[in-house]
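Structure first, then comments.
Number of protein chains: 2
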Amino acid sequence: MNRRAFLTAGVSVGLAGPAMAAGAGEACAPMRGTGDLGLIIERATGSVLIVDVGAHKTLSRIEGLGDLSHATAVFGPSERYAYVFGRDGGLTKVDMLACRIEKRVIQAGNAIGGAISDDGALIVASNYTPGGIKVFDANDLGELASVPAIGANGKPSKTVGLVDLPGRRFAYALYDADEIWIADFSAGMSPALTKFTNVGRLPYDANVTSDARHYLAGLFGEDGFAHVDLWADKPEVTRVVSGYNAGREKLPIYKMPHLEGWGQSGSTLVLPAAGQHEVLLLNLETMREEARIPAHSQPVFCVARPDGREVWINFAHPHNNTVQVLDVFTRKIVHTFQPGPAVLHLEFTPRGHEVWISVRDADRIDIYDVRTRTKKAEIAGVKPSGIFFTARAHRLGA
Amino acid sequence: MNRRAFLTAGVSVGLAGPAMAAGAGEACAPMRGTGDLGLIIERATGSVLIVDVGAHKTLSRIEGLGDLSHATAVFGPSERYAYVFGRDGGLTKVDMLACRIEKRVIQAGNAIGGAISDDGALIVASNYTPGGIKVFDANDLGELASVPAIGANGKPSKTVGLVDLPGRRFAYALYDADEIWIADFSAGMSPALTKFTNVGRLPYDANVTSDARHYLAGLFGEDGFAHVDLWADKPEVTRVVSGYNAGREKLPIYKMPHLEGWGQSGSTLVLPAAGQHEVLLLNLETMREEARIPAHSQPVFCVARPDGREVWINFAHPHNNTVQVLDVFTRKIVHTFQPGPAVLHLEFTPRGHEVWISVRDADRIDIYDVRTRTKKAEIAGVKPSGIFFTARAHRLGA
Numbered sequence: 274m275n276r277r278a279f280l281t282a283g284v285s286v287g288l289a290g291p292a293m294a295a296g297a298g299e300a301c302a303p304m305r306g307t308g309d310l311g312l313i314i315e316r317a318t319g320s321v322l323i324v325d326v327g328a329h330k331t332l333s334r335i336e337g338l339g340d341l342s343h344a345t346a347v348f349g350p351s352e353r354y355a356y357v358f359g360r361d362g363g364l365t366k367v368d369m370l371a372c373r374i375e376k377r378v379i380q381a382g383n384a385i386g387g388a389i390s391d392d393g394a395l396i397v398a399s400n401y402t403p404g405g406i407k408v409f410d411a412n413d414l415g416e417l418a419s420v421p422a423i424g425a426n427g428k429p430s431k432t433v434g435l436v437d438l439p440g441r442r443f444a445y446a447l448y449d450a451d452e453i454w455i456a457d458f459s460a461g462m463s464p465a466l467t468k469f470t471n472v473g474r475l476p477y478d479a480n481v482t483s484d485a486r487h488y489l490a491g492l493f494g495e496d497g498f499a500h501v502d503l504w505a506d507k508p509e510v511t512r513v514v515s516g517y518n519a520g521r522e523k524l525p526i527y528k529m530p531h532l533e534g535w536g537q538s539g540s541t542l543v544l545p546a547a548g549q550h551e552v553l554l555l556n557l558e559t560m561r562e563e564a565r566i567p568a569h570s571q572p573v574f575c576v577a578r579p580d581g582r583e584v585w586i587n588f589a590h591p592h593n594n595t596v597q598v599l600d601v602f603t604r605k606i607v608h609t610f611q612p613g614p615a616v617l618h619l620e621f622t623p624r625g626h627e628v629w630i631s632v633r634d635a636d637r638i639d640i641y642d643v644r645t646r647t648k649k650a651e652i653a654g655v656k657p658s659g660i661f662f663t664a665r666a667h668r669l670g671a
Numbered sequence: 274m275n276r277r278a279f280l281t282a283g284v285s286v287g288l289a290g291p292a293m294a295a296g297a298g299e300a301c302a303p304m305r306g307t308g309d310l311g312l313i314i315e316r317a318t319g320s321v322l323i324v325d326v327g328a329h330k331t332l333s334r335i336e337g338l339g340d341l342s343h344a345t346a347v348f349g350p351s352e353r354y355a356y357v358f359g360r361d362g363g364l365t366k367v368d369m370l371a372c373r374i375e376k377r378v379i380q381a382g383n384a385i386g387g388a389i390s391d392d393g394a395l396i397v398a399s400n401y402t403p404g405g406i407k408v409f410d411a412n413d414l415g416e417l418a419s420v421p422a423i424g425a426n427g428k429p430s431k432t433v434g435l436v437d438l439p440g441r442r443f444a445y446a447l448y449d450a451d452e453i454w455i456a457d458f459s460a461g462m463s464p465a466l467t468k469f470t471n472v473g474r475l476p477y478d479a480n481v482t483s484d485a486r487h488y489l490a491g492l493f494g495e496d497g498f499a500h501v502d503l504w505a506d507k508p509e510v511t512r513v514v515s516g517y518n519a520g521r522e523k524l525p526i527y528k529m530p531h532l533e534g535w536g537q538s539g540s541t542l543v544l545p546a547a548g549q550h551e552v553l554l555l556n557l558e559t560m561r562e563e564a565r566i567p568a569h570s571q572p573v574f575c576v577a578r579p580d581g582r583e584v585w586i587n588f589a590h591p592h593n594n595t596v597q598v599l600d601v602f603t604r605k606i607v608h609t610f611q612p613g614p615a616v617l618h619l620e621f622t623p624r625g626h627e628v629w630i631s632v633r634d635a636d637r638i639d640i641y642d643v644r645t646r647t648k649k650a651e652i653a654g655v656k657p658s659g660i661f662f663t664a665r666a667h668r669l670g671a
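What follows is the structure, given as structure tokens:
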């Protein structure tokens, strides 16, 4: 189905019509800045919306991106091209100005996210099947390297928690091998590998702080996080916030929390607890737990407002109609509201005057004024999930 | 002189030719991303270069911007338009895609920088003559507000250290009145003003941390800084790092250090000392001095690498041919080099793989690989000073 046919289909079910610009050709603006573009995943239909963030307007819908049920995106430095990583191993380069797919490859059988090197030249995908990572040329998506993830246990492993580090380096965790690796491509496409073993049972996701210093992996097989201080002369793994479920019933987990969206406020990191109705505050100076804040339900994303003063939190099914606002400075939940059914993601504008919230089961993206916490606009989308603004192009560890 | 005539003139003195793209029309690319554009001030000729940061290439030169001897620039959220604040009170909106001046106004007799609101709607200029600030519509540069700066002493004051804060707010210091003001335009163009008096003698420049929390003004009339914690329930001014010249000879100051370029690394702020050959390390948790690091000469800009691990420092005349690299983590100067005569400014690419250095008296901008610290390219420019990449559009307090 081409894009025009899809648009028609969208209109026919009454979803896409109102939000779309008048004509597809007209919407594909040839001359405009790209700093205020966004890409929104429509998870059920393998499509993405390209949006004008300032104008609160959909510019185009691009389809044919495969299984986007757990999709993520990164942007090239010019903020014209998006790279979308699908669950089915598809890697799609989208030209957001021309409103079309520039190139698409199926690079694995089952994948879980990706990253882009600090110079914008390398796209790296993290794979479940067959595991390991693969490196692609950002221009033409030609494969440059494939790095299997064979742990000390001799078995191939799923890789998770992939992030970029300065100097064409990438960090990731080996779920089946309890390891964390750093791959350094600065000298060429045969990377120097640094391996940390026995980091803790089953690292399921990870992230790095915005200064690319602290890499933290959540552990599925035990309560706590594995931590690496990447600035140390000889980095090593330590366990932090261990045993936060000790002496308490661990609740059944319907959705594992995401670490991609953790909130950083000064030297405090806000982490979603797995199996508890709370968020954990970790002090980055001491690497000790500062506090536990009771929350509405099991948190999924803890997203910091760009200044870090507040962290906005969404929750796992069946309590995923709600968002809470934590004032990190006073450590109080200061606001609770219900945007609608199945809030899947939140994205702040780069300097934090708005937050965009995808409400999947209402087929809607809501736009809130952050200061007044009131809804100011909405746009239509078919089962929207991840929201990605181009400002991410300029961040480390994105 | 129009742009084409200027180009010819540039070629005739052997400066502009080599770096310019083949044709002016061709260089003004109608369809391209704007996330990797930059604007470089040519201070002596009232012109700016628009550069393609990824390609290491000048796209165009735009002239007619007046006196740029102490110029600065901010970018609109789309990263297409730059707003250049000249020393002569000129405010110029530059269309970087069309390579032309979109609009230009003379808004004051003598000005010193500006800022843009978090939503991109308001451009604010900070003025020496007649003092105070003025607010302009980002679209057409129509004047929306003029806020005189009459201090408690009853006299109009120069304003300095203007920064944007979340929620259409701006902070600035009153040089002649020893005050700091916050103007809040969230409810309209008659701002709510918060005034702090007796902040210290002659605040000459100021900045806010990247989380828009700590506002710090350097004091010309005494040793030290005035500090406001903007997150406090009732913000107040305290003096920090007071008396750092005590018991020591204060050297003659050829150029006041800039606070716009201070370096932040975790909770450590690296500040240029005025009148000493050293930089000061301030801990943001305690607001106490952590260390003083001896440096090559009197520092001007202390610019943090985007991850904050290193701060690159340039120096005042007559030692301004040198740059030093401070490893903030180990508190050691790890590298000293001489890019050339009169290093005026440094700008890192958004994720820190390169740093661009303007070498005024060599009529050159040098591009260094940050990891290897080696020069990888250079472009020509006529007496280049400030270098501004569009990624600044996405930062608070820029």
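Here the protein sequences come in this chain order: A and B. Heads up, the first sequence stops at 671 in this note's numbering, and the numbers go up one at a time, no gaps. Heads up, the second sequence stops at 671 in this note's numbering, and the numbers go up one at a time, no gaps. From the three backbone atoms N, C-alpha and C, an ideal C-beta is built for every residue, glycine too. Please read all numbers here as calculations on a predicted model, not as lab measurements.
Reduced DSSP secondary structure (H/G/I, E/B, other) of His626 of chain A: For the purposes of this step, residue 626 of chain A is taken as the residue at position 353 of the first sequence. When secondary structure is reduced to three states using DSSP, His626 of chain A falls in the coil class, being assigned neither helix nor strand.
For Thr609 of chain A and Pro591 of chain B, the rounded distance between their alpha carbons: One-based indexing of the second sequence puts residue 591 of chain B at position 318. One-based indexing of the first sequence puts residue 609 of chain A at position 336. Going by the C-alpha atoms only, they are around 58 Å apart.
Near-chain B residues of the segment 612-640 of chain A - C-beta to any C-beta below 7 Å: Cβ contacts with chain B: Pro623, Arg624, Gly625, His626.
Ala317 of chain A, DSSP secondary structure in three states: In the first sequence, the residue the question calls residue 317 of chain A occupies position 44. In the structure shown, Ala317 of chain A adopts coil according to DSSP, grouped into three states.
Counterpart residues of Arg512 of chain B in DSSP-defined beta bridges: The sequence position of residue 512 of chain B within the second sequence is 239, counting from 1. Checking the DSSP bridge columns, you'll see Arg512 of chain B partnered with B:Ala499.
CB contact check: Phe602 of chain B to chain A, cutoff 9 Å: By one-based count along the second sequence, residue 602 of chain B stands at place 329. Answer yes: the Cβ-Cβ gap between Phe602 of chain B and chain A drops below 9 Å somewhere.
is_contact[Gly581 of chain A, chain B] using C-beta, thresh 9 Å: Translated into positions along the first sequence, residue 581 of chain A becomes position 308. So, interface residue.
Three-state class that DSSP yields for His667 of chain B in the structure shown: Mapped onto the second sequence, residue 667 of chain B falls at position 394. For His667 of chain B, the three-state secondary structure derived from DSSP is helix.
Burial state of Glu452 of chain B, where buried means 16 or more other Cβ atoms lie within 10 Å: Counted from its first residue, the second sequence places residue 452 of chain B at position 179. Counting Cβ neighbours within 10 Å, Glu452 of chain B comes out buried, since at least 16 surround it.
Chain-ordered neighbours of Pro464 of chain B on chain A, where CB pairs are closer than 7 Å: Counting from 1 along the second sequence, the entry for residue 464 of chain B is found at position 191. Result: empty, since nearest Cβ-Cβ is about 15 Å, beyond 7 Å.
Identity of the residues DSSP links to Ala490 of chain A by a beta bridge: Residue mapping note: residue 490 of chain A aligns to position 217 of the first sequence, counting from 1. Per DSSP, A:Ala479, A:Ala499.
Assumed close pair Leu341 of chain A, Gly308 of chain A - CB separation to whole angstroms, cut-off 8 Å: Counted from its first residue, the first sequence places residue 341 of chain A at position 68. Counted from its first residue, the first sequence places residue 308 of chain A at position 35. Not really, about 24 Å apart at Cβ, beyond 8 Å.
Contacting positions in the segment 483-494 of chain B - beta carbon closer than 9 Å to chain E: Among the protein chains of the structure shown, namely A and B, there is no chain E.
Secondary structure of Arg441 of chain A, DSSP reduced to three states: In the first sequence, the residue the question calls residue 441 of chain A occupies position 168. Arg441 of chain A falls in the coil class under three-state DSSP.
Span separating the alpha-carbon of Met529 of chain B from that of Phe358 of chain B: Sequence index remark: in the second sequence, residue 529 of chain B carries index 256 (1-based). Sequence index remark: in the second sequence, residue 358 of chain B carries index 85 (1-based). Taking the straight line from one Cα to the other gives about 19 Å.
CB contact below 9 Å: Asp451 of chain B versus chain A: Mapped onto the second sequence, residue 451 of chain B falls at position 178. Not one chain A Cβ lies under 9 Å of Asp451 of chain B.
Neighbour-count burial assignment, Asp410 of chain A, 16 or more Cβ in a 10 Å radius: Indexing the first sequence from 1 puts residue 410 of chain A at position 137. When all chains shown are included, Asp410 of chain A counts as exposed.
Contained beta strand (DSSP E) runs [length at least 3] in the segment 351-429 of chain A, N- to C-terminal order: Segments of the beta strand (DSSP E) lying fully in the segment 351-429 of chain A: 354-358, 363-368, 373-379, 383-389, 395-402, 406-410, 416-420.
Under 8 Å from the C-beta of Glu509 of chain B: neighbouring residues of chain A: One-based indexing of the second sequence puts residue 509 of chain B at position 236. None at all; the shortest Cβ gap to chain A is about 16 Å.
Cβ pair Phe588 of chain B, Val573 of chain B closer than 9 Å: The residue labelled residue 588 of chain B in the question sits at position 315 within the second sequence. The residue labelled residue 573 of chain B in the question sits at position 300 within the second sequence. Yes, the Cβ-Cβ distance between Phe588 of chain B and Val573 of chain B is below 9 Å.
Exposure of Glu522 of chain A, with buried meaning 16 or more beta-carbon neighbours within 10 Å: Locating residue 522 of chain A in the first sequence gives position 249, counting from the first residue. Exposed.
Contact the segment 348-367 of chain B vs the segment 374-391 of chain A: 3+ CB pairs below 8 Å: Three or more beta-carbon pairs separated by less than 8 Å are not found between the segment 348-367 of chain B and the segment 374-391 of chain A, which leaves the two stretches without contact.
Sufficient close CB pairs (3 or more, under 8 Å) joining the segment 533-553 of chain A to the segment 499-506 of chain A: Verdict: no, contact absent.
Cβ shell of Ile526 of chain B (< 8 Å), same chain only, five flanking positions each side left out: Start at 1 with the first residue of the second sequence, and residue 526 of chain B comes out as number 253. Excluding sequence neighbours, Ile526 of chain B sits near Ala547, Gly548, Gln571, Ala589.
For Val347 of chain B: DSSP bridge partner residues: Here residue 347 of chain B refers to the residue found at position 74 when the second sequence is read from its first residue. According to DSSP, Val347 of chain B bridges with B:Tyr356.
Val601 of chain A vs Ser538 of chain A beta-carbon contact at 9 Å: What you label residue 601 of chain A is simply residue 328 of the first sequence in a count that begins at 1. What you label residue 538 of chain A is simply residue 265 of the first sequence in a count that begins at 1. In contact: Val601 of chain A and Ser538 of chain A (Cβ atoms closer than 9 Å).
Buried/exposed call for Pro623 of chain A, threshold 16 Cβ in 10 Å: The sequence position of residue 623 of chain A within the first sequence is 350, counting from 1. It counts as buried.
Any beta strand (DSSP E) of 3 or more consecutive residues that is wholly inside the segment 576-654 of chain B: Listed in chain order, the complete beta strand (DSSP E) runs (minimum 3 residues) inside the segment 576-654 of chain B are 583-588, 596-600, 605-610, 616-621, 627-632, 637-642, 647-653.
Proximity test, Cβ basis, 9 Å: Arg644 of chain B and chain A: The sequence position of residue 644 of chain B within the second sequence is 371, counting from 1. For Arg644 of chain B, the nearest CB of chain A lies under 9 Å from its own CB, placing it at the interface with that chain.
Presumed contact (8 Å Cβ cut-off) between Val433 of chain A and Ser459 of chain A, rounded CB distance: Along the first sequence, one-based indexing puts residue 433 of chain A at 160. Along the first sequence, one-based indexing puts residue 459 of chain A at 186. Not confirmed; about 23 Å, so no contact.
C-beta neighbour in chain B for Met304 of chain A, strict 9 Å: To locate residue 304 of chain A, count along the first sequence from 1; it is residue 31. Judged by the 9 Å Cβ criterion, Met304 of chain A is in contact with chain B.
Where Thr331 of chain A falls: helix, strand or coil (DSSP): Within the first sequence, numbered from 1, the residue matching residue 331 of chain A stands at position 58. In the structure shown, Thr331 of chain A sits in a strand (DSSP, three-state: E or B).
Residues that Ser538 of chain B bridges to, as DSSP identifies them: By 1-based counting over the second sequence, the position of residue 538 of chain B is 265. When beta bridges are read from the DSSP output, Ser538 of chain B appears opposite B:Thr541.
Which residues DSSP lists as bridging Val573 of chain B, in chain order: Against the second sequence, residue 573 of chain B aligns to sequence position 300. In DSSP, Val573 of chain B forms no bridge with anything.
Cβ pair count under 8 Å reaching 3, the segment 460-471 of chain A against the segment 485-493 of chain A: In the pairwise beta carbon analysis, the segment 460-471 of chain A is classified as not touching the segment 485-493 of chain A: fewer than three pairs are separated by under 8 Å.
Against chain B: residues of the segment 526-560 of chain A by CB proximity under 8 Å: Under the 8 Å Cβ criterion, the segment 526-560 of chain A contributes Ser538, Gly539, Ser540, Leu557, Glu558.
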